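Asker:
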Amino acid sequence: MWEAKLEPYVIIYRAGMSACWKDGQWQRAVALLSELWEARLEPDVISCNVGISACEKAGQWEQAVSLLNEIRDKKLEPSVISYSAGMSACEKGGQWQLAVALLSAMWNSKVEPNVSYNAGISACVKGGQWQRAVALFREMWDSKLEPSVISCNSVISACEKARQWEQAMSLFNDIRQKTLEPDSATALGSARAGKAGSGS
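In the UniProt record's numbering, the protein residues as written are 1 to 200.
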């Protein structure tokens with residue numbers, strides 16, 4: 001009964017946090033989340049996700065990761081959205097190792113990463129870690145998760161930039177064989193990598 005009375009307050013706070021997030025007021029969104037915890041109103045994961053997403057949007061990766069850790073400390077179960085927003089914040093902050101660590105934490109928490117791999121791959125690409133990006137891409141397939149066109153383009157682009165044309169062409173062929181339809185950006189990236197490798 002007591003929890004039922006608290007629920008409307010959580011929803012009101014969440015609406016306020018969402019408004020702050022959309023307006024770019026990440027500090028206020030985090031402050032509202034802190035008020036919920038201090039008042040022992042037990043915010044749900046959705047409310048926490050709004051706080052993490054607000055930090056991610058503002059490029060505040062340290063605060064986003066801190067909130068993600070706080071969720072776990074409060075014995076709440078982070079969702080795919082929690083982890084994805086945290087990883088995206090790390091990508092924007094150039095923290096590729098932390099993004100990959102969060103991906104591992106998802107598996108350890110029995111949360112299926114699916115689209116979260118995009119953020120992990122993108123973080124590695126942005127950090128100049130083409131080998132790690134390729135490893136994550138192949139890990140998706142090994143885990144029976146279908147890479148998106150975004151993942152394909154990112155990993156081939158990483159190989160192209162690193163002048164790893166053989167790897168880019170191998171990935172392109174794998175993508176075609178595994179029935180995922182490459183788009184024009186995927187084909188262009190592999191063609192550029194092939195051209196660079198031929199020296200022409």
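We put the CB at the ideal spot given by N, CA and C, even for glycine. Keep in mind that this is a model prediction, so the values were computed, not measured.
1) Keeping to the same chain, check which residues put their C-beta closer than 6 angstroms to that of Ser18; ignore five residues upstream and five downstream.
2) So within the region 62-134, which uninterrupted alpha helix (DSSP H) runs reach at least 4 residues, ignoring any that extend past its ends?
3) Which residues bound the alpha helix (DSSP H) around Lys178?
4) Determine the extent of the alpha helix (DSSP H) in which Lys144 is found, giving its start and end residues.
5) Residues in the same chain with beta-carbon distance under 8 angstroms from Ser47, minus the five sequence neighbours each way, listed in chain order, please.
6) Quick one: what's got a C-beta closer than 7 angstroms to Ala64's C-beta in the same chain, skipping five residues either side?
7) Leaving out five residues before and five after Gly127 in sequence, what residues of the same chain have Cβ atoms less than 6 angstroms from its Cβ?
8) For Gln177, does the count of other Cβ atoms within 10 angstroms reach 16, so buried, or fall short, so exposed?
9) May I ask which residues mark the beginning and end of the alpha helix (DSSP H) holding Gln27?
10) Under DSSP, the alpha helix (DSSP H) around Gly59 begins and ends at which residues?
11) Which same chain residues, not among the five before or five after Trp61, have their C-beta less than 7 angstroms away from its C-beta?
12) Using the Cβ count rule (16 or more neighbours within 10 Å means buried), how would you classify Trp165?
13) State the DSSP-derived secondary structure class of Pro43, mapped to helix, strand or coil.
14) Quick one: grab the DSSP three-state call for Gln164.
Answerer: Well, looking at it:
1) Here residue 18 refers to the residue found at position 18 of the sequence shown. For Ser18, where only same-chain residues beyond five positions count, the Cβ hits under 6 angstroms are Val50.
2) Counting only runs of at least 4 residues, the region 62-134 fully encloses the following alpha helix (DSSP H) elements, listed from N- to C-terminal order: 80-92, 96-108 and 116-126.
3) Within the sequence shown, residue 178 is the residue found at index 178, counting from 1. No alpha helix (DSSP H) contains Lys178, which DSSP labels as neither H nor E.
4) Taking the sequence shown and counting its residues from 1, the one referred to as residue 144 is at position 144. No alpha helix (DSSP H) holds Lys144; DSSP gives it neither H nor E.
5) To locate residue 47, count along the sequence shown from 1; it is residue 47. Excluding positions up to five away in sequence, the list reads Val10, Tyr13, Arg14, Met17, Leu33 and Leu36.
6) Counted from its first residue, the sequence shown places residue 64 at position 64. Excluding sequence neighbours, Ala64 sits near Ile52, Cys55, Glu56, Ala85, Gly86 and Ala89.
7) As a first step, residue 127 must be located in the sequence shown, where it is residue number 127. The answer, listed in chain order, is Trp96.
8) Numbered from its first residue, the sequence shown carries residue 177 at position 177. Per the 10 Å Cβ criterion, exposed.
9) One-based indexing of the sequence shown puts residue 27 at position 27. Per DSSP, Gln27 belongs to the alpha helix (DSSP H) from Trp26 to Glu38.
10) As a working note, residue 59 is residue 59 in the sequence shown. No alpha helix (DSSP H) contains Gly59, which DSSP labels as neither H nor E.
11) Translated into the one-based positions of the sequence shown, residue 61 becomes position 61. These residues qualify, in order along the chain: Ala89, Cys90, Lys92, Gly93 and Gln95.
12) The residue labelled residue 165 in the question sits at position 165 within the sequence shown. Under this definition Trp165 is a buried residue.
13) Here residue 43 is taken as the residue at index 43 of the sequence shown, counted from 1. Note: Pro43 maps to coil in three-state DSSP.
14) Indexing the sequence shown from 1 puts residue 164 at position 164. Gln164 sits in coil when the DSSP states are folded into three classes, being neither helix nor strand.
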